[in-house]
Structures are given as structure tokens and as C-alpha cells.
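Contents: one structure, followed by commentary.
Protein chains: 2
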Amino acid sequence: MKQGLLIVVSGASGTGKGTVCNALMESLPELAYSISATTRSPRKGEQDGVNYYFLAREEFEKMIEEGGFLEWAEVYGNYYGTPLKKIQERLAEGQDILLEIDTQGALKVMEKCPEGVFIFLLPPSLEELERRIRGRGTETEESIARRLGAAKEEIGVGRKYNYVVVNDRVEKAVEQIQAILVAEHCRVEQNTKIFEVLEK
Amino acid sequence: MKQGLLIVVSGASGTGKGTVCNALMESLPELAYSISATTRSPRKGEQDGVNYYFLAREEFEKMIEEGGFLEWAEVYGNYYGTPLKKIQERLAEGQDILLEIDTQGALKVMEKCPEGVFIFLLPPSLEELERRIRGRGTETEESIARRLGAAKEEIGVGRKYNYVVVNDRVEKAVEQIQAILVAEHCRVEQNTKIFEVLEK
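Written as C-alpha cells, this is what we have:
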């Protein structure tokens, strides 16, 4: 059985990770989203094991202690994390898994899972990034300037990834990520079994 | 200016390198074939600088001495080689170059140009490889057995490449190589300029 690929899509705030990943999932039904665990309460319609694994605070902290997360973070008093064992099981079954995650989380995943495929989404330009951040229309000038500064810093982290994809058009970004998946499945390290069979 | 990619497509005898490379060139007009140099005489219709660079024996040997070939070999008394400088010039212009070459040649290219993208074509199975070798209908049983044995040995070399593509259908093999090219252009090492611009 061929091992699945862990595809990590990440990027600075405002680069459109979510939109690209949703379009990617629609175009590749065989790809599975990584399901996060969280201690926050389910919102209306959210199902355990579908949207999130909903855990009690004590369960989550026990899993942290046991090294059960690929990465985790506490945000506004709630824990969020990527359960390691579930991902390992599905990868072993040959399932490709998509993990959409912020840059801090991605750096942690790189440490624990360097064989993952790390894709960094870039905005077409800083002007466009600013337009997108402003476009939400919900933030003050100060907050926009702070977010833009943070985004510039985050972009530098992209150098540590395997691939960069410029998100100037969602369809184009999705096509490039699809090509990356095809190519990664062709990598020699993914195909050692073929040689074993042919050399018998 | 973004550097072009040197795409090396290689594989054991009988895996269909030529057919796949011709189909690839047709589907990607922006890709350029590497033009070999040779000391053999031009055949009818062959043009210097198009089919081959036709060189005199002394010229070729002088270029060998000067390290002017990415790889070269002598076959039935004629020299064949890949001129290094021409390739470097075109890569620097951002031109992707396709080099279709046997496994021995590819190993030499790996040494001189490790940043190349090395794609190994595999036959779908040894049975199919045998069928293809037999299919030419021009060889004795002894010659077929020898070629098949050599092909099995050659297949092992594939582990040194970056990618393997199984040539069970030409269109599928071409699609996979196209995806590899897209992915390689997305590699972080190919896109350092983007970061420089965005971080200014």
C-alpha cells in the first residue's frame, strides 16, 4: 500500500488559503481534509468527527502531554490542534490529507513531519494583499497596518516551504496545487515498491 | 529572469522515451529540445543546428578536452554529446530544455548538473517491456534476452532519479511529466525573486 501524502497549505493572513483549499477539495474528491480537535463548543450544525473533534479541556491537555498533536495552539482561551494519530492512520491507508494551517502551525508540522508537502500561498502583490485585508471592511486603519506588517513578516517564512503558489486567480492556484500533488506522487521515494516488483 | 529547467527524460531501453518526448514537445511548444552534437554525417534532410550540431572529429575532441560537454559517448565510431554552453545559455534565458537520453548519459548529467529534473520512464511491467522489445521484430531470441537483461539492470538506476513515470499510456505519461514541470516551477528555489520583491 502506497503511503498517502500530507499536503500542508499555508500562507500569510489574507492570501486566500480557505478559498483555495475549498476549491481544491471540490476538484479532488479523493483528497481528505485534516479534521482539527478543539475545546470550543460546537456551533449550530457542527458535527463531532466531521467539522472538528470536540474535546473537553482535560482530554485535550492529556493529549498534549502524550505528544498526541502534530501541532496545537490556544486561541482566545480555546485549544485547537491537529491529532497526530488520526492523520498517521489515514496516511498509512494511502489517503492524501490536506491540512490548511497558519504559518506558525506549519512550522511546527515541518518539525514533526518533514516528509509532508509544504505549499506556501503568496498574494499576487503587497498592494493586492492590502486590498484584500481592507476589503473585509471590518477593521480600523491601525489594525490594517498591523495586519499588513505581520503579513510581510509571515511571507518570509515561505522560504522554508517546498513550493510557492501565487494566488492571483483561484483556478490557477488550484491547478498548480493539483500538479504538485501529481508530481509528488511520481517522486522516486513514493515509488520504491515499483522497483522492487520490477527487479524481482 | 527566472532560470529555465533542464528536464532529463530517460529510462531503460524499450520504455518508449522517444514517443513520450515527442508527444510532450507537441503538447508544450514552449519547451525546447536539447540539440546534440555529433561527428556522424548528416542524413538527407538533417540540418546543422536543428537536428544536430554536426562537428568534425577534431572539433569534437577539442570540445571534450575543454569540458564542453554535459555528457558524450562514442557509438559505432561516431561521437555524440550534449553541448554544455548552449544549454547553459538557453537555461539562463529562462528556456526550459528537454534532454532525452539513455541511462548512462543521464548519470553523467546528474554529476554535472544536479539541479536538473531527472525523470525516469518505467515500462508498466517486465512482460510489457519484453513484448515491446519483441514487437520490433528485428531481433534474435538471444539478442532479445540480452536486451531484456540489460533493461532490468538499467531499471535499478531509476532510484537515483527525482521522479518515475510509468509509461502504460503515452497521454498519461505526458500529463504526469507536464505536472512535474508545473510543480518544479513552483519550487521555492525557483522563486526566490518573488520573496525579494514582496519583502522590499
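Going line by line, the protein sequences match chains A and B. Residue numbers for the first sequence follow this note's numbering, so the first one is 17 and each next one is one higher. Residue numbers for the second sequence follow this note's numbering, so the first one is 17 and each next one is one higher. The beta carbon of each residue, even a glycine, is placed where N, CA and C say it ideally should be.
query, result
"DSSP bridge partner residues for B/V182 (one or two, in chain order)", "B/L138"
"Residue-level contact to chain A via CB, B/I80, 8 Å cutoff", "no"
"Counterpart residues of A/V190 in DSSP-defined beta bridges", "Answer is none; A/V190 lacks a bridge partner."
"For A/R203, three-class secondary structure by DSSP", "strand"
"N-terminal and C-terminal residue of the alpha helix (DSSP H) that B/A167 is part of", "157-173"
"B/V125 vs B/E87 beta-carbon contact at 8 Å", "yes"
"Contacts of B/C202 in chain A (Cβ-Cβ under 7 Å)", "Y179, V180, V181, Q192, I196"
"Interface residues of the stretch 155-169 of chain A facing chain B [CB-CB below 8 Å]", "K168"
"Per-residue contacts from A/E215 into chain B (C-beta, under 8 Å)", "K168, I171, G172"
"Limits of the alpha helix (DSSP H) - the one that A/E121 falls within", "Reading off the sequence shown, one finds Gly at residue 121 of chain A, where the question assumed Glu. From DSSP, the alpha helix (DSSP H) with A/G121 extends over 119-128."
"CB contact flag (B/P45, B/Y69, <8 Å)", "no"
"Which listed residue (B/R56, B/G20, B/K176) has its alpha carbon closest to that of B/E90", "B/R56"
"Distance between beta carbons of B/F136 and B/G174, contact taken as under 8 Å", "4 Å"
"Proximity test, Cβ basis, 8 Å: B/F211 and chain A", "yes"
"Cβ of A/L138 within 8 Å of any chain B Cβ", "yes"
"Three-state class that DSSP yields for B/S43 in the structure shown", "helix"
"Cross-chain neighbours of B/L47 in chain A, by beta carbon under 8 Å", "Within 8 Å Cβ-Cβ: nothing; B/L47 doesn't reach chain A, min ~15 Å."
"Proximal residues of chain B, C-beta to C-beta of A/R148 below 9 Å", "Those within 9 Å of A/R148 in chain B number zero; the least Cβ separation is about 14 Å."
"Helix, strand or coil at A/L145 according to DSSP, with G and I counted as helix", "helix"
"Residues bridged to A/G27 [DSSP beta-bridge criterion]", "A/L137"
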